[in-house]
């Protein structure tokens, strides 16, 4: 298995080189954001207000970490189900977002928007939250602290593992992988 | 009558909240290792290896194996010869959740209202199921339930004429529709019979059984086996990337049904099939 290394900000050229099924290791900055944060962000966009973070070329990780134990940077931090963000993702891609990280399938509107805006959807292993937390070296809340685990964090990660699910060429590894291994009676 | 102070229940729930979230059961770990031997997809194998490593890290560092430390679902088997003293049982359970989720640095994932969503900040209230049983003991079980897998669950009011095939088709369809979303490999609890609300409870309760232990009735044990085989032929695989391990186990629980009804329910658990119990 080949592993590609990526870091934000990501350019259109970086994105076009990523193919569904590629394993990647992410280093550098990723932002967190899940249901409630996405709702607030898209409301700001609709109202024509500025966002608390410039997402141009950036990555959003759908995660609501558990609280950090004393002496730890962050608690356990695995991906949450991405489908709940489907309603908001095309808007975020219009804002320049280049990658989102979660787990589980996306709807057609998101997949089309990934192709249109040259962006990718990545998945990390759901539930592997203690393992993934080890790759997070720094964490600070940058917006919506009142949302608790749903606040937006700026994370600095080192070799955070993920797999490209939907690439900017329209391929979906969940569909391809499933077809490859399905057994018909 | 034996007196049991509810403070003992609070203590048990607090400790079990942490135990369940930090220490994956040996039955689940063994099923990961068995799956690893059978899995043919390289990505699927890599995922299973990550899950085994993740469980080890969580145990070593005493941190949650998954950041979603779940809705605290509590099953109480209350002996009818027990006299509970020292306070309200439900409040005692909630205090245990409050303390366990606070002291254990577990995520607080409960909002006080399903539409006007404000976090209660202490993971309460718990969902509590109480069964009155013979004897003078109290057994408490906590099964922290993550939202991602719970959302993929389903209830269907089948017709009696749908028969066993109707149930099998419904369960396989639910697993197929869930796809990569509930963090496969999954554990599937199936309820059949009873009423609309009873069947969902049965499906949840099925998740408490030791992994892979068959239903004592050979007919349902066979149905569990058939379901597991069919679901693992879907090709979804670990995390949905394709592979042979979509489910680790299917557990069926049944209850008598009305002549007009055959309800069925599917409660999907992720691979973090967490549950810990204590007898007081």
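Protein chains in written order, with the working numbering: chain A, 7 to 191; chain B, 0 to 279.
Quick reminder that beta carbons are idealized off the backbone N, C-alpha and C, glycines included.
- Around the Cβ of residue 165 of chain A, a 10 Å sphere holds fewer than 16 other Cβ atoms; the residue is exposed.
- Against chain A, the CB of residue 224 of chain B has no partner CB under 9 Å away; the residue lies outside that interface.
- Residues of the stretch 245 to 270 of chain B that bring their beta carbon within less than 8 Å of a beta carbon in chain A comprise 269 and 270, in sequence order.
- In this structure, DSSP gives residue 38 of chain B a state outside helix and strand, which the three-state scheme calls coil.
- Here the C-alpha atom of residue 93 of chain A lies approximately 46 Å from the C-alpha atom of residue 137 of chain B.
- The CB of residue 75 of chain A comes closer than 7 Å to the CB of 62 and 104 in chain B, given here in chain order.
- A direct Cα-to-Cα measurement between residue 116 of chain B and residue 221 of chain B gives close to 43 Å.
- Fewer than three pairs of CB atoms, one per stretch, sit closer than 8 Å, so the stretch 79 to 87 of chain A makes no contact with the stretch 57 to 64 of chain A.
- Its chain contains 150 as the residues whose beta carbon lies nearer than 7 Å to that of residue 46 of chain A, once the 5 sequence neighbours on both sides are disregarded; these appear in chain order.
- Along the stretch 77 to 90 of chain A, going in chain order, the ones with a CB nearer than 7 Å to a CB of chain B are 81, 82, 83, 84, 86, 87 and 89.
- Along the stretch 160 to 172 of chain A, going in chain order, the ones with a CB nearer than 9 Å to a CB of chain B are 167, 169 and 171.
- Judged by pairs of C-beta atoms under 8 Å, the stretch 144 to 161 of chain B does not touch the stretch 208 to 228 of chain B, as fewer than three such pairs exist.
- Residue 126 of chain A is bridged by DSSP to A:105.
- Residue 244 of chain B is a Cβ neighbour of residue 37 of chain B, given a cutoff of 9 Å.
- Of all residues in the stretch 168 to 183 of chain B, those with a C-beta nearer than 7 Å to a C-beta of chain A are 178, 179, 180 and 182, reading in chain order.
- Taking a cut-off of 8 Å for Cβ pairs, the stretch 59 to 72 of chain B and the stretch 161 to 176 of chain A do not touch, as fewer than three such pairs fall below it.
- Listed along chain B, no residue sits closer than 7 Å to residue 120 of chain A by beta-carbon distance, the nearest being about 16 Å off.
- For residue 148 of chain B, the enclosing alpha helix (DSSP H) starts and ends at 146 to 149.
- Of the candidates B:193, B:24, B:57 and B:184, the residue whose Cα lies closest to the Cα of residue 269 of chain B is B:184.
- Using a CB distance below 9 Å, the part of the stretch 41 to 52 of chain A facing chain B consists of 41 and 42, ordered along the chain.
- Closest option to residue 88 of chain B, judged by alpha-carbon separation, among B:169, B:208, B:6 and B:46: B:6.
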